[in-house]
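*Asks:*
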Ligand SMILES: Nc1ncnc2c1ncn2[C@@H]1O[C@H](COP(=O)(O)OP(=O)(O)OP(=O)(O)O)[C@@H](O)[C@H]1O
Ligand SMILES: [Mg+2]
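Protein chains in written order, with this note's numbering: chain A, 2 to 236; chain Y, 6 to 442; chain L, -5 to 397.
(1) In chain order, what residues of the same chain lie with their CB nearer than 8 Å to the CB of residue 490 of chain Y, ignoring the 5 residues before and after it?
(2) Show which residues of chain Y have a CB atom less than 9 Å away from the CB atom of residue 402 of chain L.
(3) Mind checking which residues open and close the alpha helix (DSSP H) that includes residue 87 of chain A?
(4) Please report how far the alpha carbon of residue 388 of chain L lies from the alpha carbon of residue 287 of chain L, in whole angstroms.
(5) Please write down, chain order preserved, every residue whose beta carbon lies under 6 Å from a heavy atom of ligand 1.
(6) Going along chain L in order, which residues have a C-beta closer than 7 Å to the C-beta of residue 74 of chain Y?
(7) In the DSSP output, which residue or residues are listed as bridge partners for residue 167 of chain A?
(8) Would you mind working out which of L/341, L/296, L/302 and L/314 sits nearest residue 325 of chain L, comparing C-alpha positions?
(9) Are there 16 or more other CB atoms within 10 angstroms of the CB of residue 223 of chain A, so buried, or fewer, so exposed?
(10) Return the residue from the list Y/259, Y/42 and Y/348 that minimises the CA-CA distance to residue 433 of chain Y.
(11) Return yes when the Cβ of residue 78 of chain Y is within less than 7 Å of the Cβ of residue 306 of chain Y, no when it is not.
(12) Residues of chain Y with CB closer than 8 Å to the CB of residue 23 of chain L, please, in chain order.
(13) Would you check if the region 164 to 173 of chain A and the region 183 to 197 of chain A touch, i.e. whether three or more CB-CB distances between them fall below 8 Å?
(14) Enumerated in chain order, which unbroken segments of the beta strand (DSSP E) with a length of 3 residues or greater are wholly contained in the region 183 to 242 of chain L?
(15) Is there at least one Cβ from chain Y nearer than 7 Å to residue 16 of chain L's Cβ?
(16) I think residue 188 of chain Y touches residue 158 of chain Y, with their Cβ atoms under 8 Å apart; what is that distance to the nearest whole Å?
(17) Count the CB pairs spanning the region 309 to 322 of chain Y and the region 26 to 45 of chain Y that are closer than 8 Å, and state whether there are at least three.
(18) My guess is that residue 257 of chain Y and residue 106 of chain Y are in contact by the Cβ rule of under 8 Å, so how many angstroms apart are they, rounded?
(19) Is there a Cβ from chain A that is less than 7 Å from the Cβ of residue 8 of chain Y?
(20) Between the C-alpha atoms of residue 64 of chain A and residue 430 of chain Y, what's the straight-line distance to the nearest angstrom?
(21) So with Cβ pairs under 7 Å, would you call residue 308 of chain Y a contact of chain A?
(22) With three or more beta-carbon pairs closer than 8 Å as the criterion, would you say the region 365 to 380 of chain Y touches the region 416 to 427 of chain Y?
(23) Starting from residue 316 of chain Y, trace the alpha helix (DSSP H) in both directions and tell me its first and last residue.
(24) Below 8 Å CB to CB, which residues in the same chain sit around residue 226 of chain L once its five sequence neighbours on both sides are set aside?
(25) Give a yes or no on whether 7 Å exceeds the smallest Cβ distance from residue 416 of chain Y to chain A.
(26) Which residues in the same chain have their Cβ closer than 7 Å to the Cβ of residue 444 of chain Y, if we skip the five residues on either side of it in sequence?
(27) Does the beta carbon of residue 327 of chain L come closer than 7 Å to any beta carbon on chain Y?
(28) If we call anything under 7 Å between Cβ atoms a contact, is residue 55 of chain A one with residue 424 of chain Y?
(29) Anything in the region 50 to 76 of chain A with a Cβ closer than 8 Å to a Cβ of chain Y? List those residues in chain order, please.
(30) Run the CB neighbour count on residue 45 of chain A, radius 10 Å, all protein chains shown included, and call it buried at 16 or more, exposed below.
(31) Just reading off the beta strand (DSSP E) that residue 63 of chain A is part of, what are its end residues?
(32) State yes or no: is the beta carbon of residue 111 of chain A nearer than 7 Å to at least one beta carbon in chain Y?
(33) If we cut at 7 Å on Cβ distances, does residue 137 of chain Y have a partner in chain L?
(34) Measure from the C-beta of residue 79 of chain A to each C-beta in chain Y and report whether the shortest distance is under 7 Å.
(35) Determine whether the Cβ of residue 4 of chain L lies closer than 7 Å to any Cβ atom of chain Y.
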């Protein structure tokens, strides 16, 4: 599904080079729910950006769904991102001017789907996160947890191969955080592969596998045995 | 996808109404300024005889003072002496020959029922009407015989027809011109105004058409008061009108049509022979020189496009440049503010091109609004120009072509000004905005 | 006072494109405005130049006799008598042609030597056949010699030449022909053939078509050819008010003669300068619009910068920056931009000025126009930047923690 082999990422600024990832290798199988932890500045977000094709890397190999992505152009990476990857961010990142329907619509637009297909998907996704009735509301009219659920709906609507989440509960209180985690668990149970960065060991424990990044490298994995591969279910 | 971008653009325009209005206003003012001056320039610099530019020629002969160059245009008088013009008419053998001169005449009804009026008139040979495309409402030009003999016939304007005959059919009726009876053979249509008035650029290039045309050779019989230029260099003893006709005074505007290259060559040969002949009589003491000017050359030699026209065009283009840079600055400010959203869209799978086009669409919406407003403003601009310049009454009007050209122009300039900001925002790194805000 | 220019420059440099564009816009505007002011000044000087005549008190009219009839001396004299008898008319004169600003007239070459003399130098000048009252009526100022005597005026038949005639010439022409000597009593030749005795010299006045090279070279000639038409000039306190009476007086003598174009000299001058008036208005309009557009631009960009830096401003306030310091920050930023723009604009303006001098034969742009335009622009944009800047200054310190 997602395989990184000796990936290296260096940030160069005027003064210093930061080795954000060094000899970074990781394999994620379909259906897994991987929680990534690690100290601040260790390279978790960097890993996620590369996994999500938001950033390029300096050395190593990265195959996504069997395809080597190292040499792809920006446009091809955009397309792949659009089709294969769903993002959930700590800051929700909804577009404040658009209502929920249109927010979920955003990735579908770049897919070039027909209007009817889009409408169906958006309605299904919003239903799935329990916000179908509020399709016409603006993000500012929702609570933080609800906003994050919209973000999840947006990620799901594109029917991606896997979800990437960077501290999805970081901005939420514990009750809200639990709701969101329940939802991610449910989605995973239906077969979605999920990679989630978190600082919260309690939340990490709910994943099927935990890995830890320290100083740009995976140091410790398989606290838990990988869950048996489940068949992917259409959402 | 286009409609999606347009919807997003409209949302964004509404989101910052003041900033958007400022941009629209800036673009509109630039467009309006340019459109106004360019419309003016286009008309002022247009050639109303473009369709026969290759076969119509203003004739110039250098019969001037052997000791001194002629002071104006290309160094050769704009007009011919009566004797030279007459020779071209009688023996030049051009396909068409127009001799013409501007005069002022007193016009009255034959029964003296209305007070006399002084009117702007022209002496002209009958080819004037076909060479300069004068349409007729009634009747037509006088006959070739009447033309050659300078008979007392006249073509009048629709206005004069209304004045003297209250709209009755006038052909065959008479009017008094300078105390003599002239028979009306035709009434010209009021649609006829030639801007610029190529046929006579000496007394301004933007004037009302004349009210009467008289056969040119009436001048053989009697003098008329010239309302044009009569220029001379030689000290000649003039004791009578006949003396005047025989002088070196240049006052006849002369045009010929030469429909084929052979006709042209033949006519030029005629001129060369003629000048040689006259040289033997002691005339044309300067080196042999003549010009056959196309209408386009004629307009340019006579400086119809004034320095002010050009300065205004430069000025308005520079002004438009300022307005567009202003739009670029404001668009840039606005788009960069929306960069996080662009980054998010990139993360969700929008390609760089998609983000670029989305923002360009927004610039286009602003540009479209700006150009619509600009068009409206330039209409007022032209009203203003008409009230400022009394002689541009007929000139400062917009044609369908200018309107469309203006809209395209405005949209293109808006897109150009949107390109840089859209490019900048499309380059925003998707990863950058994902870290906690 | 410490102006924190270094951090401002650094932050401007970091965002490059925006500041560069606004500098380009301001520079272009400064260049345009300085050239426009220069053009404008040229036009205003032209419009306001002395006419040399009592223009505000004059009106003119022309008369054409019935077809076939000539204006005889008695008719002209009777017309003038009738005109002088009108209340409000101080004086009236007959002028054959070339009435100042009338756009209709004649000119001829004038020289001290007759035609045929190889040393003959001639200069074109407007010919004004005029009667004895013309100098007084037009309000010309004699600097030497005298005006025409009534008995000196020669009304000569058509197609003839005047016998002996006198001339009154303007100072410019006198200077050209006589180079400092007194012309009074000397002979000048019209077209190298007709000798005229100079009896007076008047101060320069603008002739029938001031756009010509010989605008100030005019010759009054004491001989009027009897033709079918003549011009009358009347002088009075309120020339516009005289017009109906003038027409009446002239038409009363003969209802079927033509009396036409009665108008004041002031209106003829306005028509003559109409293109210049139009240009003045358009140039002013362009300048006002330019300042307006720049004001829009500065308001827009400053508002944007202020919004962009709200948090930064909040943090600065939290760390103890005063309101004044914040305000100063944004205003100084504007000063820097306008100053840079003035330099660039001055270069552009001089280049444009150079182009106009080279290709359109216009006077050179003095160097200080661009700095001046920059100064004006600075005042306007400071005012424009004030509004968003003081909004920035009012940002509360808690913005720093609001997120
Ligand atoms: N754009 C960048 N330019 C330079 N250095 C960067 C950039 N982004 C990240 N880094 C550096 O790379 C390293 C890894 O950063 P990363 O954001 O991946 O950490 P993280 O594990 O997500 O930390 P946190 O838990 O605090 O979010 C850090 O040392 C950071 O300073
Ligand atoms: Mg992180």
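For every residue, glycine included, the Cβ atom is placed at its ideal position computed from N, Cα and C.
Values in this document were obtained by computation on a predicted structure and should not be read as measured data.
*Replies:* If we stick to the structure as given:
(1) This structure cannot speak to residue 490 of chain Y, because chain Y is shown only from 6 to 442.
(2) Because chain L in this structure spans residues -5 to 397, residue 402 of chain L falls outside the shown range and cannot be described.
(3) Locating residue 87 of chain A in the first chain gives position 86, where the first residue counts as 1. Run containing residue 87 of chain A: none in the alpha helix (DSSP H); it sits in the beta strand (DSSP E), 86 to 89.
(4) Taking the first residue of the third chain as 1, we reach residue 388 of chain L at position 394. Taking the first residue of the third chain as 1, we reach residue 287 of chain L at position 293. Rounded to the nearest angstrom, the two C-alpha atoms are 26 Å apart.
(5) A/12, A/14, A/19, A/21, A/39, A/41, A/42, A/43, A/44, A/45, A/46 and A/47
(6) Mapped onto the second chain, residue 74 of chain Y falls at position 69. In chain order: nothing, as chain L lies at least about 13 Å away.
(7) Translated into the one-based positions of the first chain, residue 167 of chain A becomes position 166. Answer is A/198, bridged to residue 167 of chain A.
(8) To locate residue 325 of chain L, count along the third chain from 1; it is residue 331. Taking only the C-alpha atoms, the option nearest residue 325 of chain L is L/296.
(9) The sequence position of residue 223 of chain A within the first chain is 222, counting from 1. Here the model assigns residue 223 of chain A a pLDDT of 49, short of 50, so the residue's position is not dependable, and the following value carries that caveat. Residue 223 of chain A should be labelled exposed.
(10) Against the second chain, residue 433 of chain Y aligns to sequence position 428. If we check each option's Cα against that of residue 433 of chain Y, Y/348 comes out closest.
(11) In the second chain, the residue the question calls residue 306 of chain Y occupies position 301. In the second chain, the residue the question calls residue 78 of chain Y occupies position 73. Contact flag set, yes.
(12) In the third chain, residue 23 of chain L corresponds to position 29, counting from 1. Neighbours of residue 23 of chain L on chain Y, chain order: 327.
(13) yes
(14) 188 to 196, 212 to 215, 217 to 219 and 223 to 230
(15) Here residue 16 of chain L refers to the residue found at position 22 when the third chain is read from its first residue. Yes, residue 16 of chain L lies at the interface with chain Y (some Cβ there is under 7 Å from its Cβ).
(16) Walking along the second chain from the start, residue 188 of chain Y turns up at place 183. Walking along the second chain from the start, residue 158 of chain Y turns up at place 153. Right, the Cβ-Cβ distance comes to about 5 Å (below 8 Å), so this counts as a contact.
(17) yes
(18) As a working note, residue 257 of chain Y is residue 252 in the second chain. As a working note, residue 106 of chain Y is residue 101 in the second chain. Going by Cβ atoms, the distance from residue 257 of chain Y to residue 106 of chain Y rounds to 6 Å, so yes, they are a contact pair.
(19) Position 3 of the second chain, counting from 1, holds the residue named residue 8 of chain Y. It does not; no Cβ of chain A falls within 7 Å.
(20) The sequence position of residue 64 of chain A within the first chain is 63, counting from 1. The sequence position of residue 430 of chain Y within the second chain is 425, counting from 1. Looking at the two C-alpha atoms, the distance is approximately 30 Å.
(21) For this step, residue 308 of chain Y is matched to residue 303 along the second chain. No, its Cβ sits nowhere closer than 7 Å to a Cβ of chain A.
(22) yes
(23) Translated into positions along the second chain, residue 316 of chain Y becomes position 311. That run of the alpha helix (DSSP H) goes 312 to 342.
(24) To locate residue 226 of chain L, count along the third chain from 1; it is residue 232. Answer for residue 226 of chain L: 54, 55, 56, 57, 73, 74, 77, 86, 87, 88, 89, 240 and 244, listed in chain order.
(25) For this step, residue 416 of chain Y is matched to residue 411 along the second chain. Closer than 7 Å: no.
(26) Since the displayed chain Y opens at 6 and closes at 442, residue 444 of chain Y lies outside it and no answer follows.
(27) As a first step, residue 327 of chain L must be located in the third chain, where it is residue number 333. False, the Cβ-Cβ gap to chain Y never drops below 7 Å.
(28) Along the first chain, read from residue 1 onward, the residue named residue 55 of chain A stands at position 54. Along the second chain, read from residue 1 onward, the residue named residue 424 of chain Y stands at position 419. The answer is no: Cβ separation not under 7 Å.
(29) 50, 53, 55, 56, 75 and 76
(30) If you number the first chain from 1, residue 45 of chain A lands on position 44. Flag for residue 45 of chain A reads buried.
(31) Taking the first residue of the first chain as position 1, residue 63 of chain A is located at position 62. From DSSP, the beta strand (DSSP E) with residue 63 of chain A extends over 60 to 65.
(32) Start at 1 with the first residue of the first chain, and residue 111 of chain A comes out as number 110. By this cut-off, residue 111 of chain A is an interface position.
(33) For the purposes of this step, residue 137 of chain Y is taken as the residue at position 132 of the second chain. Judged by the 7 Å Cβ criterion, residue 137 of chain Y is not in contact with chain L.
(34) In the first chain, residue 79 of chain A corresponds to position 78, counting from 1. Chain Y contact via Cβ: present.
(35) Position 10 of the third chain holds residue 4 of chain L. It does not: the Cβ of residue 4 of chain L has no partner Cβ on chain Y nearer than 7 Å.
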